[in-house]
Amino acid sequence: MVLSINRHSKKDTTIYTLYWDKGGANMATHAVFEELGVYYEMIEIDLSKNMQKSAEYLAINPNGKVPTLVHQGQVIYESAAILMYVLDQHSESGLAPDIGCPRRGVYYQYLFWMSSTLQEAANHWAHPEQYINGEHNLQQVKDKANDVLTHCWDIVEKGLVNNGPWLLGDKLSDADFHLFMIAHWSQQYASRAQDWIHINAHYQAMLNRASVQEMMAQEGLL
362 MVLSINRHSK
372 KDTTIYTLYW
382 DKGGANMATH
392 AVFEELGVYY
402 EMIEIDLSKN
412 MQKSAEYLAI
422 NPNGKVPTLV
432 HQGQVIYESA
442 AILMYVLDQH
452 SESGLAPDIG
462 CPRRGVYYQY
472 LFWMSSTLQE
482 AANHWAHPEQ
492 YINGEHNLQQ
502 VKDKANDVLT
512 HCWDIVEKGL
522 VNNGPWLLGD
532 KLSDADFHLF
542 MIAHWSQQYA
552 SRAQDWIHIN
562 AHYQAMLNRA
572 SVQEMMAQEG
582 LL
C-alpha cells in the first residue's frame, strides 16, 4: 500500500519516501513528517508477508528491515539516522538543537542510546527467537531483556524528573518521538514504560499531539 501525503505545496517540492510496516520503527519518522508538515509518501513493506525479504526491497535496504528513507536519490536506513537527516533538512523547525549548541550533545546521546540500548532490549524481549537457538532458552532472553528495559526506564524517568517535561528539557525534539515509539511498543512488555510516572506523562503528552494521532490513524494503530 502506498500512502501519498502532500503538505506545504508552495514551499516544499521535495518528496520523502518512507518504507514502512504497521507499528514498526517508522512510527517516529512518520509522526515527525506530520509535525513538520512536509511532502512525503509511504510504501508499505508488510513484514508478516516477508516483503522485506524480496529481492526488490533488499536492493534498497540489504538489512531487510524497516524503516528505509529515500530522499533525492539517497537511501538511508536506521531510524535514528533517518530522524537526524530529516531534521538537518528542516533546522528551522526547532525539533533538533542547533549544531554547536551543548544541548546537541544530549540530543545525540538520547538518539544513539535509544537505538543501541533501549530499542535493542525491546527487540530482544519481543523477538527472542532472533537471538538464540532452542525454544527452551527463549524465556532466558526475555528475562534478561526485561531487566535491561527496567534499568533503561529508570534512566529515562530520572532524566525526565530532573530535566523534563521533554528529553531535552523544555524543548520538544525528534528524540521525544523516538521515545514515544518505544514506549508505545512496551505496552505489550512485562516492563511497561507507562508504569513510570514521568514517562507515562511524557507518553500521554505525545499521544495527544495532532501529528502523533495522524500517524497512528494512517498506520491503523488507533
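When we follow the numbering used here, the leftmost residue of the sequence shown carries the number 362, and every step to the right adds one. Each residue gets a CB set at the ideal place from its N, CA and C atoms; glycine is no exception. Computed from a predicted model, the values in this text were never measured in an experiment.
Length of the line joining the Cα atoms of residue i and residue j
| i | j | result |
| --- | --- | --- |
| Y446 | G495 | 39 Å |
| Q491 | H485 | 8 Å |
| A392 | L379 | 12 Å |
| Q480 | H451 | 25 Å |
| W546 | Q433 | 31 Å |
| A554 | M567 | 13 Å |
| L521 | L444 | 21 Å |
| L448 | H497 | 44 Å |
| T478 | G398 | 30 Å |
| D407 | W381 | 8 Å |
| I558 | A420 | 44 Å |
| L582 | S572 | 13 Å |
| M403 | M576 | 11 Å |
| N507 | D556 | 14 Å |
| E518 | S476 | 17 Å |
Cβ neighbour criterion (16 or more within 10 Å) applied to residue i
| i | result |
| --- | --- |
| I594 | In this structure the chain extends from 362 to 583, so residue 594 is not present and cannot be described. |
| K371 | Because the pLDDT at K371 is just 42, under 50, the model does not fix this residue reliably, and the point stays unresolved. |
| N422 | buried |
Minimum C-alpha distance to residue i - residue among the options
| i | options | result |
| --- | --- | --- |
| Q549 | T478, G425, L510 | L510 |
| K383 | V427, E396, L419 | V427 |
| K410 | E396, G425, D531 | G425 |
| E396 | K519, D508, E453, E439 | E453 |
| G385 | D508, Y401, E439 | E439 |
| V431 | L456, M576, A457, Y377 | Y377 |
Residue i in three-state terms, based on DSSP
| i | result |
| --- | --- |
| V393 | helix |
| E439 | coil |
| W527 | strand |
| L499 | helix |
| H512 | helix |
| H451 | coil |
| K371 | Residue placement at K371 cannot be trusted, given a pLDDT of 42 that sits under 50; what the coordinates show is reported in the next sentence. Here K371 sits in coil by DSSP. |
C-beta neighbour in chain C for residue i, strict 9 Å
| i | result |
| --- | --- |
| W381 | Among the chains of the structure shown, chain C does not appear; only one protein chain is present. |
Give a yes or no on contact between the region 463-476 and the region 503-511, applying the rule of three or more CB pairs nearer than 8 Å. no
Three or more C-beta pairs below 8 Å linking the region 556-574 and the region 534-547: yes
Three or more beta-carbon pairs under 8 Å between the region 457-466 and the region 406-416, yes or no? no
For the region 383-397 against the region 519-538, are there 3 or more C-beta pairs whose distance is under 8 Å? yes
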